[in-house]
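Chains as they are written, first to last, in full-length UniProt numbering: chain B, 1 to 209; chain H, 1 to 572.
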C-alpha cells in the first residue's frame with residue numbers, strides 16, 4: 001500500500017474490520033526503512049557538497065560565489081579508474097552474496113561477503129594511495145579549492161564506506177534472536193550499491209570539471 | 001536488530017542493573033528524560049546569558065564585568081544554545097522520545113541501542129560546546145549564524161578556539177540528531193500498533209514526525225558548513241574565505257565565498273525554525289483539544305498543513321539573506337514563497353480557534369499555556385509578514401524589530417508550548433500532580449512578562465535601534481525614551497527569569513511530595529493515557545499491545561457515556 005494511499009485513509013475506517021488490510025501486516029522490516037532514511041541523509045550531504053562545489057567553481061561568478069579564476073582542476077591519474085573498478089567489483093561480490101543468501105547457501109554467501117569487504121578495504125587503500133599521489137605532485141589541501149573539495153568529498157565517501165565495511169563484517173553472522181543473515185546481507189548490498197552510485201556521481205563531477 | 005512490534009517481550013532487553021535502568025538505558029522514556037534534563041540544564045546557561053545581556057542593555061556599565069567582547073559571546077552562545085541545544089533537543093529528543101512510542105502504541109523505539117547512543121553523543125556535543133567557555137579567548141562571539149570571514153578572523157572574540165569548539169560541537173550534534181531522527185521516523189512508520197493508521201495519529205506525533213524528517217534533510221547542511229569552515233580555519237582552505245588584507249599583509253586564503261556559507265547555513269537555518277515549530281504546533285493542538293473537550297477542528301487539514309509547511313520551509317531560506325545582496329528575481333521568489341507559508345499556518349491558527357469555539361474550556365495550567373501560545377504566535381507571525389518582504393526587511397533587518405519578531409515566534413511560542421506540555425504530561429511521566437496555584441502564578445509571570453519584554457522591542461526597532469550592539473551611546477536618532485524602555489525590558493526580563501524558580505520548585509517538590517496522579521487525570525482519549533501502569537513500565541503495555549479503533553479526538557461525542565472515548569474502545 002503506497003504512502004499516498006495511506007495518507008488518503010480516513011480515521012473512521014477500521015483496518016482489518018472494514019475489509020481494509022492493517023498496516024501492521026504489510027510492513028517491510030524496520031531496519032530496511034531505517035537504512036533508506038539514512039541513505040536519504042547521505043544523499044543530502046553529497047548533494048549539498050556537489051552544489052557547493054559547482055557554486056565555488058565560479059560557474060555563477062556574477063552571483064558572488066567566488067571567482068572563476070582561482071579554480072585549477074586536478075589531473076586525472078589512472079588510479080581513479082582502478083579504484084572505481086575495485087568498488088564496482090566489491091558491489092558485484094555483495095550482489096552475489098545477496099543472491100546466495102536468498103537461495104540459502106550459507107558458506108558461499110560468507111565467502112562472497114568476505115570478498116566484498118576485502119575489495120572495500122582495497123578501495124579505501126587505493127584512495128589513500130591516490131591522496132599520496134596528489135600530495136607528491138604538490139596538490140595539497142589548501143593549495144586550491146579544487147583540491148580541497150576533492151579531499152573532502154573522498155574523505156566523506158570513504159568514511160561512509162568504512163562504516164559499510166564494519167557493518168559488512170558483522171552481517172553474515174547474526175546474533176541469536178536478531179534478524180536472519182538474509183536481510184542483513186541484503187541491506188549491505190543495497191548500501192554498497194548506493195555508495196557505488198554516489199562515487200560514480202562524484203567521479204563524473206571530478207572528471208567533467 | 002531487535003524489533004518491538006510484536007507482543008513478544010523477549011527482544012526488550014530488560015535492564016538488570018541500576019545503571020542499566022537509569023544511566024545506560026535503552027528505554028525511550030528514560031532517554032527522553034535524560035534528553036530533557038540535559039536540554040533544560042544547558043538552556044539555563046543560555047537563560048543566564050540573556051540576563052547578563054539585558055543587564056548590559058538596560059543599565060550600561062552597571063556591571064563592569066561585561067566587556068564588549070563578552071557581550072558578543074553571550075549573544076552567540078545564547079542564540080545557538082536556545083535554538084539547537086535546548087529547543088530542538090527538548091522537543092524531538094525529549095518529547096519525541098517520550099511520546100512517539102506511547103502515542104502510536106509501540107513498546108519502544110525500533111532501534112533502542114541507537115537511541116541510547118543518540119543521547120550520549122548529544123551529551124558529548126553539549127560538553128564540547130560548554131568547553132568553549134574555558135578555552136583561551138572564550139567562546140565564539142561571531143553571532144549565532146557564525147558568518148565567515150569574521151567568525152574565524154582576528155578581531156572576533158573566540159576566533160581561535162571558541163569557534164572550533166562551536167563547530168565541532170555542532171558536527172557532533174548533527175550525528176546525535178541523525179541517530180535520534182532515524183529512530184523517530186522509522187518508529188512512526190514501522191511500529192504503530194494494530195489499527196493505528198497514519199490518519200489516526202495524534203497531531204503531536206505528526207508534528208514530531210514531519211519535524212524529524214525535516215531535521216534529517218536540513219541538519220546535513222549545517223554539518224557540511226561546519227566541516228568546511230573548520231577546514232578553512234584549521235587547514236587553510238578557501239571554501240568560504242576570500243583574500244583579505246590586514247595590516248598591509250594579504251591573507252593566505254583567496255577566492256572563497258562567504259555567501260556560500262550563508263546559503264548552506266540558512267538551508268539548515270530556516271527549516272530549523274519549523275523543526276522547532278511543528279512539534280509545538282502538534283502538541284498545542286492536542287492540549288487545546290483535550291482541555292476544550294472538543295475534537296480538533298479539521299484534523300486532516302491540520303495534518304496536511306503540517307506536511308505543506310514542512311515542504312515549503314525548504315524553499316524560503318534566502319529570506320534571511322536579503323541584506324547580503326542577491327539577484328532581485330531571487331528576492332522576489334523567496335519573498336513569494338515566504339508569504340505563501342502564511343496560508344497553511346493561518347489554516348492551523350483558525351483551526352485552533354475553531355476548536356476552542358463553543359468548547360467546554362477548562363482553564364487548567366496546560367490550557368493557559370496553549371492559549372498563551374496562540375497569542376504570542378499570532379503576534380510573532382504577523383511581524384514576520386513585514387520581514388518577509390524585501391523592501392521592508394532591508395531597513396528593519398539589523399534592528400531590534402527582528403529580535404522582537406523571532407523571539408516571539410520561535411523563542412517564546414515554543415517555550416510556552418513546552419511548559420504547557422510539561423504540565424500536561426507530568427502526571428503520566430512522574431505519577432504525581434503538580435501544585436495548580438503555583439502553575440498559574442508561573443504562567444501569568446511568564447506570559448505577561450514576555451509581552452513586556454518583546455512588544456517594546458518592535459517599537460524601538462522601528463525607531464532604528466540596532467541589534468547586537470554592546471552600548472547605544474549618544475546618538476541623535478535614539479531618543480531618551482528608548483533608554484527608559486530598555487530599563488523596563490531588562491527589569492521585566494529579570495522578573496521572568498526569577499519567576500522560573502516557581503516552575504522548578506513546583507516540579508521538584510511535586511515529584512517527591514505531590515499528590516498521586518490518576519492514570520488519566522484530564523480524561524484524554526489518546527493512547528499514552530491508557531497504559532496499564534502510571535508511570536508506564538518498561539515495555540509500556542504489559543502483556544499485550546493495545547488495539548486502536550478510532551482517532552485520538554473523540555471528545556463530547558453525543559450519546560456517549562463519558563465526555564471522551566479512548567482510542568482503545570471498540571465501536572459499539
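A virtual CB, placed ideally from N, CA and C, is assigned to each residue, including glycine.
Outcome for residue i when other beta-carbon atoms lying within 10 angstroms are tallied against a minimum of 16
| i | result |
| --- | --- |
| residue 186/B | buried |
| residue 90/B | buried |
| residue 154/H | exposed |
| residue 572/H | exposed |
| residue 385/H | exposed |
| residue 213/B | The structure shown has nothing for residue 213/B, since chain B only spans 1 to 209. |
| residue 166/H | buried |
| residue 614/H | The structure shown does not extend to residue 614/H, since chain H is modelled only from 1 through 572, so no value can be given for it. |
| residue 428/H | buried |
| residue 225/H | buried |
| residue 360/H | exposed |
| residue 444/H | exposed |
| residue 66/B | Model confidence at residue 66/B stands at a pLDDT of 49, short of 50, so the residue's coordinates are unreliable; what they give is reported in the following sentence. That one is buried. |
| residue 327/H | exposed |
| residue 17/H | exposed |
| residue 291/H | buried |
| residue 343/H | exposed |
| residue 64/H | exposed |
| residue 537/H | exposed |
| residue 108/H | buried |
| residue 323/H | exposed |
| residue 4/H | The predicted model places residue 4/H with a pLDDT of 42, which falls under 50 and marks its position as unreliable; any figure quoted below should be read in that light. Buried, since its Cβ has 16 or more Cβ neighbours within 10 Å. |
Proximity of residue i and residue j at Cβ, strictly below 8 Å
| i | j | result |
| --- | --- | --- |
| residue 99/H | residue 275/H | no |
| residue 260/H | residue 56/B | yes |
| residue 185/H | residue 103/H | no |
| residue 325/H | residue 396/H | no |
| residue 194/H | residue 547/H | yes |
| residue 191/H | residue 106/H | yes |
| residue 269/H | residue 319/H | no |
| residue 206/B | residue 150/B | yes |
| residue 11/B | residue 200/H | yes |
| residue 56/H | residue 157/H | no |
| residue 146/B | residue 192/B | no |
| residue 503/H | residue 424/H | no |
Under 8 Å from the C-beta of residue i: neighbouring residues of chain B
| i | result |
| --- | --- |
| residue 221/H | 44, 48 |
| residue 231/H | 141, 148, 152 |
Which residues DSSP lists as bridging residue i, in chain order
| i | result |
| --- | --- |
| residue 6/B | Its beta-bridge partners do not exist; DSSP assigns none. |
| residue 432/H | 516/H |
| residue 250/H | 245/H |
| residue 399/H | 466/H |
| residue 555/H | 564/H |
Chain H residues whose Cβ lies nearer than 8 Å to that of residue i
| i | result |
| --- | --- |
| residue 95/B | Correct list: empty, because the minimum Cβ distance to chain H is about 22 Å. |
Interface partners of residue i on chain H, CB under 9 Å
| i | result |
| --- | --- |
| residue 57/B | Per Cβ cutoff of 9 Å: no residues; residue 57/B is ~10 Å from chain H at best. |
| residue 38/B | 178, 182, 216 |
| residue 6/B | 197, 198, 199 |
| residue 237/B | Only positions 1 to 209 of chain B appear in this structure, which leaves residue 237/B out of reach. |
7 Å Cβ cut-off: residues of chain B touching residue i
| i | result |
| --- | --- |
| residue 365/H | Chain B residues near residue 365/H: none, gap ~29 Å exceeds 7 Å. |
| residue 190/H | 27, 30, 33 |
| residue 236/H | 142 |
| residue 264/H | 48, 52 |
| residue 111/H | 34 |
| residue 239/H | 56, 145, 148 |
Beta-carbon neighbours of residue i, restricted to chain H and to distances below 7 Å
| i | result |
| --- | --- |
| residue 70/B | 254, 255 |
| residue 83/B | By Cβ distance, chain H contributes nothing, its closest Cβ being about 23 Å from residue 83/B, past 7 Å. |
Heavy atom of the ligand ATP within 7 Å of residue i beta-carbon
| i | result |
| --- | --- |
| residue 172/B | The ligand content of the structure shown is nil, which means the ligand ATP is not present either. |
Chain B contact residues for residue i, given Cβ-Cβ distances below 9 Å
| i | result |
| --- | --- |
| residue 299/H | 11 |
| residue 63/H | Chain B residues near residue 63/H: none, gap ~41 Å exceeds 9 Å. |
Checklist entry - How do the region 283-299 of chain H and the region 171-181 of chain H stand: do at least 3 beta-carbon pairs fall below 8 Å, yes or no? => result no
Checklist entry - Are three or more beta carbon pairs between the region 68-75 of chain H and the region 30-41 of chain H nearer than 8 Å? => result no
Checklist entry - Per the contact definition of three or more C-beta pairs closer than 8 Å, is the region 81-95 of chain B in contact with the region 19-27 of chain H? => result no
Checklist entry - Taking one C-beta from the region 319-334 of chain H and one from the region 482-492 of chain H each time, how about it: are there three or more such pairs within less than 8 Å? => result no
Next on the checklist: Check whether the region 425-440 of chain H and the region 374-390 of chain H touch, using three or more Cβ-Cβ pairs below 8 Å as the test.
Outcome noted: no
Checklist entry - Do three or more CB pairs link the region 107-122 of chain B to the region 28-40 of chain B at distances below 8 Å? => result no
Checklist entry - If you pair each beta-carbon of the region 34-49 of chain B with each one of the region 142-160 of chain B, do three or more pairs fall below 8 Å? => result yes
Checklist entry - Do the region 237-255 of chain H and the region 157-171 of chain B make contact, defined as three or more Cβ pairs closer than 8 Å? => result no
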